[in-house]
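Using the working numbering, the first residue of the sequence shown is number 301, and each one after it goes up by one.
First up is the structure itself, then whatever we jot down about it.
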Amino acid sequence: MSISGYKTIITMFTVVLVIIIPLALFSPAIFSGISFFLISEFAFYSSVISFVLGIMFFIAAILLTEENKKRVVAARFETGMEAMILCIPYIIYLAIKQLVTK
301 MSISGYKTII TMFTVVLVII IPLALFSPAI FSGISFFLIS EFAFYSSVIS
351 FVLGIMFFIA AILLTEENKK RVVAARFETG MEAMILCIPY IIYLAIKQLV
401 TK
């Protein structure tokens, strides 16, 4: 598969993570007129995590290059992506802590 094919697949993941999942989680508030304050914190934190992962996929699609017939992501992006991935368990911990302390 060519680089443009990989970029297309990554872009589709981005659309799902950035638009479709948060829209599905917030659909009761958007379409039924329920207050946003009544939506669970799990839905809120899940949509934030989904949005962050989607942005990471979007940046990966932009930086995807081909070197020596290998598909790689630029080295400067890999460090940032590792840092973002390491932050995800902490965000999940904060979400669970918020849910438990209520």
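C-beta: ideal position from N, C-alpha, C; glycine also.
As the structure is a computational prediction, the values presented were derived from the model and not from experiment.
Beta-carbon contacts of P328 that lie in its chain and below 6 Å, excluding the five residues immediately before and after | Hits under 6 Å: I334.
When P389, A361, I391 are compared against G305, the one with the closest alpha-carbon | The shortest C-alpha to C-alpha distance from G305 to any of P389, A361, I391 is the one to A361.
Rounded C-beta distance between F342 and A395? I'm assuming under 8 Å.
-> Confirmed, about 7 Å.
Alpha carbon to alpha carbon, how far is V318 from L399? Give it in angstroms, no decimals.
-> Each residue's alpha carbon lies about 24 Å from the other.
Proximity of I321 and S346 at Cβ, strictly below 9 Å = Contact flag set, yes.
Can you tell me where the alpha helix (DSSP H) with G333 in it begins and where it stops?
-> Run containing G333: none; DSSP gives neither H nor E here.
Would you mind giving the Cβ-Cβ distance between I349 and I391, rounded to the nearest angstrom? I have them listed as a contact below 8 Å.
-> Contact holds; Cβ gap of about 6 Å.
F326 (DSSP reduced to helix, strand or coil) | Coil, per DSSP.
Would you tell me roughly how many angstroms separate the C-alpha atoms of F313 and F351, rounded to the nearest one?
-> CA-CA distance, F313 to F351, rounds to 11 Å.
Specify, as a first and last residue, the run of the alpha helix (DSSP H) that I359 falls within.
-> Start and end: 341-363.
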